[in-house]
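Participant: Residues 5 to 610, numbered by the numbering used here, are exactly what the sequence shown covers, in order. For glycine and all other residues, C-beta sits at the position ideal for the given N, C-alpha and C. Computed from a predicted structure; not experimentally measured.
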Amino acid sequence: MCGIIGINSNKPVSATIINSLKKLEYRGYDSAGIATLSSGLINEIKSEGRVDNLEKNSLVQNMEGTIGIGHVRWATHGSPNSINAHPHSSQNVSVVHNGIIENSTLLKKFLVSKGHKFKSQTDTEVIVHLITENLKTENIVSSIKKTLKSLHGSFALGIIFKDQPDLIVGARRGSPLAVGYGPNENYLGSDSYALKSMTNKITYLNDGEFCVIKKDQVEFFNEEGIKINKKVLEVSSEEKKYEKGDYKHFMAKEIEEQPTTLKNGINEYLDNSNNNINIYNFPWKTKDISSITLVGCGTAYHSCLMAKYWFEEITTMDVNVDIASEFRYRKNRFKKETLYIFVSQSGETADTYAALDLCKKNGMKTCAVVNVVESSIARESEFVLPIHCGTEIGVASTKAFLGQILILYIFSLKLGLLRNDLKKDVFIQKLKDLKELPKLVKQTLLTDNKIQTITKTFNEAKGSMFLGRGFSYPIALEGALKLKELSYVHAEGYPAGEMKHGPLALIEEGMPVVVLAPRDNHYKKTISNMQEVIARGAKVLLITNKSKDEIVSENIWETIEVESTNEDLLPFLLTIPLQKLAYYSALKKGFDIDKPRNLAKSVTVE
Ligand code: F6R
Numbered sequence: 005m006c007g008i009i010g011i012n013s014n015k016p017v018s019a020t021i022i023n024s025l026k027k028l029e030y031r032g033y034d035s036a037g038i039a040t041l042s043s044g045l046i047n048e049i050k051s052e053g054r055v056d057n058l059e060k061n062s063l064v065q066n067m068e069g070t071i072g073i074g075h076v077r078w079a080t081h082g083s084p085n086s087i088n089a090h091p092h093s094s095q096n097v098s099v100v101h102n103g104i105i106e107n108s109t110l111l112k113k114f115l116v117s118k119g120h121k122f123k124s125q126t127d128t129e130v131i132v133h134l135i136t137e138n139l140k141t142e143n144i145v146s147s148i149k150k151t152l153k154s155l156h157g158s159f160a161l162g163i164i165f166k167d168q169p170d171l172i173v174g175a176r177r178g179s180p181l182a183v184g185y186g187p188n189e190n191y192l193g194s195d196s197y198a199l200k201s202m203t204n205k206i207t208y209l210n211d212g213e214f215c216v217i218k219k220d221q222v223e224f225f226n227e228e229g230i231k232i233n234k235k236v237l238e239v240s241s242e243e244k245k246y247e248k249g250d251y252k253h254f255m256a257k258e259i260e261e262q263p264t265t266l267k268n269g270i271n272e273y274l275d276n277s278n279n280n281i282n283i284y285n286f287p288w289k290t291k292d293i294s295s296i297t298l299v300g301c302g303t304a305y306h307s308c309l310m311a312k313y314w315f316e317e318i319t320t321m322d323v324n325v326d327i328a329s330e331f332r333y334r335k336n337r338f339k340k341e342t343l344y345i346f347v348s349q350s351g352e353t354a355d356t357y358a359a360l361d362l363c364k365k366n367g368m369k370t371c372a373v374v375n376v377v378e379s380s381i382a383r384e385s386e387f388v389l390p391i392h393c394g395t396e397i398g399v400a401s402t403k404a405f406l407g408q409i410l411i412l413y414i415f416s417l418k419l420g421l422l423r424n425d426l427k428k429d430v431f432i433q434k435l436k437d438l439k440e441l442p443k444l445v446k447q448t449l450l451t452d453n454k455i456q457t458i459t460k461t462f463n464e465a466k467g468s469m470f471l472g473r474g475f476s477y478p479i480a481l482e483g484a485l486k487l488k489e490l491s492y493v494h495a496e497g498y499p500a501g502e503m504k505h506g507p508l509a510l511i512e513e514g515m516p517v518v519v520l521a522p523r524d525n526h527y528k529k530t531i532s533n534m535q536e537v538i539a540r541g542a543k544v545l546l547i548t549n550k551s552k553d554e555i556v557s558e559n560i561w562e563t564i565e566v567e568s569t570n571e572d573l574l575p576f577l578l579t580i581p582l583q584k585l586a587y588y589s590a591l592k593k594g595f596d597i598d599k600p601r602n603l604a605k606s607v608t609v610e
């Protein structure tokens with residue numbers, strides 16, 4: 005999953021390409037590169053690490069050329085060094101690529117036999133040589149058509165040609181790609197966000213399509229190389245600047261913003277005057293939906309799992325959850341009466357998008373829960389429930405997680421009411437409690453010092469475990485994910501009741517174990533499980549909610565008490581100390597909190 009940009013202008017393009025690459029860094033930050041055409045030659049400059057490194061290169065600062073392409077990389081084939089960084093160029097052609105070419109080994113063999121020499125370990129370089137080879141006998145359009153047909157896998161491509169001073173080619177299969185229109189210049193980009201500072205007029209390419217971008221004209225082609233017409237869409241021109249302000253990291257800011265983002269979400273969906281929930285233009289009759297399948301990846305998958313517990317509690321529907329990368333390859337029994345919900349902050353996650361595509365091809369009802377409303381998943385779904393939590397920059401999702409579970413909770417209440425599964429007075433009480441949630445989250449955010457002091461134990465341990473039952477189980481998974489992705493220490497989330505079936509063997513003297521035991525239905529059982537790990541030497545951090553009843557357990561290492569509210573809403577509050585635990589652990593280690601190693605904010609490869 006990488007980010008690509010292309011600009012064809014009558015002004016020098018390198019500085020603008022660099023600025024756009026900074027916006028695409030959420031897609032990958034292993035290395036970055038740029039290629040422009042000037043004086044009839046392709047100039048290519050690449051560097052390891054962030055776009056900042058590339059920008060500092062004095063050669064980039066003096067780079068000439070009014071047409072160029074740029075790339076930020078998240079390594080798939082070949083280590084993240086400057087040789088494997090994109091663009092990849094022959095004498096005649098330069099290419100940036102987002103995706104994976106699955107038959108690159110075979111293609112490389114063929115190209116080597118034709119005398120082509122390879123410089124990198126990437127799959128992308130075969131595209132460069134294939135085009136170069138095809139250009140020997142074909143014109144631009146048919147060489148592109150022929151090249152694309154030879155490629156297996158997924159790609160979004162930006163291509164420039166030494167002998168074509170007014171032309172960028174863009175092509176898409178699987179990975180997203182957009183064209184933007186400006187005054188006497190046109191653009192290519194992985195998303196509208198990267199293009200927004202230049203234009204709000206956008207065309208999205210569909211799978212199999214490619215385009216030829218000139219300064220004053222853009223032509224589109226289908227996979228047969230036949231010209232097609234495409235719509236120009238106007239996206240919001242609002243380009244809100246999202247800065248860290250006084251915070252050390254975006255993640256810290258995003259954690260602290262949660263009372264506000266939750267309030268925004270609540271205000272968007274709750275109708276205070278009528279004690280109801282507004283979900284407009286819902287395209288189906290509720291009687292036509294008897295089950296729900298929720299699909300997502302990573303943190304978004306944890307949101308799906310959280311929603312399963314709520315939907316099952318609040319409605320009488322059957323609920324399934326699935327990890328997108330598994331869902332898309334299984335033999336699903338698609339059912340007309342099922343609503344398929346795709347949860348994704350970015351709306352660009354390749355596996356989630358593919359799962360959505362599969363459902364659409366099978367004629368299913370599709371709904372997206374997204375943060376980025378102009379994203380591919382939002383555009384392709386029949387119905388969209390935006391989470392309204394604003395830009396999230398930290399790679400580790402925080403406010404988007406609470407935003408996703410908030411909207412899924414609200415949706416479960418609405419469906420519960422419409423289906424008569426939930427009595428009106430209970431519904432009204434739940435709305436009342438929900439309105440108090442931002443305030444409770446704000447209070448819970450004040451628990452800070454204690455978390456800072458315990459991070460050392462987590463950082464120094466061989467590993468840690470996060471346990472919960474019922475509503476707390478998805479939160480345990482999320483807490484463990486946050487800690488491992490930021491602090492690079494092993495952490496495992498488990499249903500507390502499952503420990504004795506194997507994982508208990510991991511517990512040894514001094515091992516930190518987080519036990520989520522709010523005063524809900526599961527409290528006593530979870531406390532018993534907690535005793536089982538304490539008896540085997542674990543250092544337990546108990547996270548519960550405030551209560552007048554004392555905690556009846558001994559030998560607990562540390563306790564954190566979040567605010568109290570109804571059982572449904574406790575997962576929101578339990579999440580807060582876990583986010584902070586991960587944040588402070590990484591801070592203590594001096595790690596790059598907003599851009600953890602090996603990760604990217606948007607995962608556009610499978
Ligand atoms: C973890 C995290 C990831 C994402 C996952 C899906 O903190 O952020 O696990 O949740 O990559 O991304 P989206 O939500 O954009 O589909």
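Going by beta carbon distance, what residues of the same chain come within less than 7 Å of Q583, once the five residues before and after it are set aside?
Facilitator: Closer than 7 Å at Cβ, skipping near neighbours: I259, T402 and K486.
Participant: Counting pairs of beta carbons, one from the segment 53 to 64 and one from the segment 146 to 155, are three or more of them closer than 8 Å?
Facilitator: Touching, no.
Participant: What whole-angstrom Cβ distance do L115 and L134 have, given they're in contact under 8 Å?
Facilitator: Indeed they touch by this definition, with Cβ atoms about 7 Å apart.
Participant: Return the chain-ordered list of same chain residues with a C-beta closer than 8 Å to the C-beta of I293, the five sequence neighbours on each side being excluded.
Facilitator: Contacts found: M321, E341, T342, L343, K369 and L419.
Participant: I'd like the span of the alpha helix (DSSP H) that includes S532, first residue to last.
Facilitator: First-last of the alpha helix (DSSP H) with S532: Y527 to A539.
Participant: If you follow the beta strand (DSSP E) that Y208 is in, where does it begin and where does it stop?
Facilitator: Per DSSP, Y208 belongs to the beta strand (DSSP E) from K205 to Y208.
Participant: I want to check one thing, is the minimum distance from the CB of G300 to the heavy atoms of the ligand F6R below 7 Å?
Facilitator: Within the cutoff, so yes.
Participant: Fully enclosed by the segment 274 to 360, which beta strand (DSSP E) runs are 3 residues long or longer?
Facilitator: Counting only runs of 3 or more, we get 295 to 300, 322 to 327 and 342 to 348.
Participant: Where does R177 sit, in a helix, a strand or coil, going by DSSP?
Facilitator: Residue state, collapsed to three classes: strand.
Participant: Among L410, F331, G398 and V55, which has the Cα closest to the Cα of F315?
Facilitator: Checked all of L410, F331, G398 and V55; the closest Cα to F315 is L410.
Participant: Below 8 Å between beta carbons: does that hold for S307 and L412?
Facilitator: Contact: yes.
Participant: Residues in the same chain with beta-carbon distance under 8 Å from K529, minus the five sequence neighbours each way, listed in chain order, please.
Facilitator: Closer than 8 Å at Cβ, skipping near neighbours: R473, A500 and G501.
Participant: Determine the extent of the beta strand (DSSP E) in which N138 is found, giving its start and end residues.
Facilitator: No beta strand (DSSP E) contains N138, which is instead part of the alpha helix (DSSP H) from E129 to N138.
Participant: Assuming the contact rule is C-beta atoms closer than 8 Å, P442 and M310 should be a hit. Round their C-beta distance to whole Å, please.
Facilitator: So it is not a contact: roughly 18 Å between Cβ atoms.
Participant: Give a single yes or no on whether T70 has its beta carbon closer than 7 Å to a heavy atom of the ligand F6R.
Facilitator: Checking every heavy atom of the ligand F6R against the Cβ of T70, none is found closer than 7 Å.
Participant: Quick one: give me the first and last residue of the beta strand (DSSP E) that K123 is part of.
Facilitator: It is not in any beta strand (DSSP E) - K123 carries neither H nor E in the DSSP assignment.
Participant: Using only the heavy atoms of the ligand F6R, determine whether one of them is closer than 7 Å to the beta carbon of S401.
Facilitator: For the ligand F6R, at least one heavy atom lies less than 7 Å from the Cβ of S401.
Participant: What are the uninterrupted segments assigned as alpha helix (DSSP H) that are 4 or more residues long and contained completely in the segment 551 to 610, given in chain order?
Facilitator: Segments of the alpha helix (DSSP H) lying fully in the segment 551 to 610: 574 to 593.
Participant: Would you report the Cα separation of Y197 and G367, rounded to the nearest angstrom?
Facilitator: For Y197 and G367, the distance between alpha carbons rounds to 30 Å.
Participant: Below 8 Å, can you find three or more Cβ-Cβ pairs linking the segment 440 to 455 to the segment 560 to 567?
Facilitator: Verdict: yes, contact present.
Participant: Can you list, in chain order, the residues of its chain with a C-beta nearer than 8 Å to that of E440? Leave out the 5 residues immediately preceding and following it.
Facilitator: Around E440: T569.
Participant: Among the candidates L266, D437, G103 and V99, whose CA atom is the shortest distance from the CA of I148?
Facilitator: Minimum Cα distance to I148 is reached at V99.
Participant: Which residue from P522, N96, K335 and P516 puts its Cα closest to that of S551?
Facilitator: The shortest Cα separation from S551 among P522, N96, K335 and P516 belongs to P522.
Participant: When DSSP labels each residue in this structure, what does G501 get in the three-state scheme?
Facilitator: G501 falls in the helix class under three-state DSSP.
Participant: Between S86 and the rest of its own chain, which residues show a CB-CB distance below 7 Å, the 5 nearest in sequence each way excluded?
Facilitator: Excluding sequence neighbours, S86 sits near S35, K50, S51 and E52.
Participant: Can you give me the C-alpha to C-alpha distance between T459 and S379, rounded to a whole angstrom?
Facilitator: Cα to Cα, the separation comes out at about 37 Å.
Participant: If you check the beta carbons only, do S117 and N88 fall under 8 Å apart?
Facilitator: No. Outside cutoff.
Participant: Note down the Cα distance separating V323 from G483, rounded to an integer number of angstroms.
Facilitator: Roughly 23 Å between the two C-alpha positions.
Participant: Taking one C-beta from the segment 325 to 341 and one from the segment 350 to 359 each time, how about it: are there three or more such pairs within less than 8 Å?
Facilitator: The segment 325 to 341 is in contact with the segment 350 to 359.
Participant: For a quick check, are the C-beta atoms of V566 and I597 less than 8 Å apart?
Facilitator: Not closer than 8 Å, so no.
Participant: Check whether the Cβ atoms of H92 and V132 sit closer than 8 Å, and answer yes or no.
Facilitator: Going by C-beta atoms, H92 is nearer than 8 Å to V132.
Participant: Can you name the start and end residues of the alpha helix (DSSP H) that P478 belongs to?
Facilitator: Note, P478: alpha helix (DSSP H), S476 to S491.
Participant: On the DSSP bridge assignment, give the partners of A495 in chain order.
Facilitator: In the DSSP output, where bridge partners are listed per residue, A495 has S468.
Participant: Report yes if the C-beta distance between N424 and E396 is below 8 Å; otherwise report no.
Facilitator: No, the pair does not count as a contact, with Cβ atoms beyond the cut-off.
Participant: On the CB-based measure, 16 or more other CB atoms within 10 Å of its CB, does E352 come out buried or exposed?
Facilitator: Buried: at least 16 other Cβ atoms inside 10 Å.
Participant: Please confirm whether I217 and V239 have their CB atoms less than 8 Å apart.
Facilitator: Going by C-beta atoms, I217 is not nearer than 8 Å to V239.
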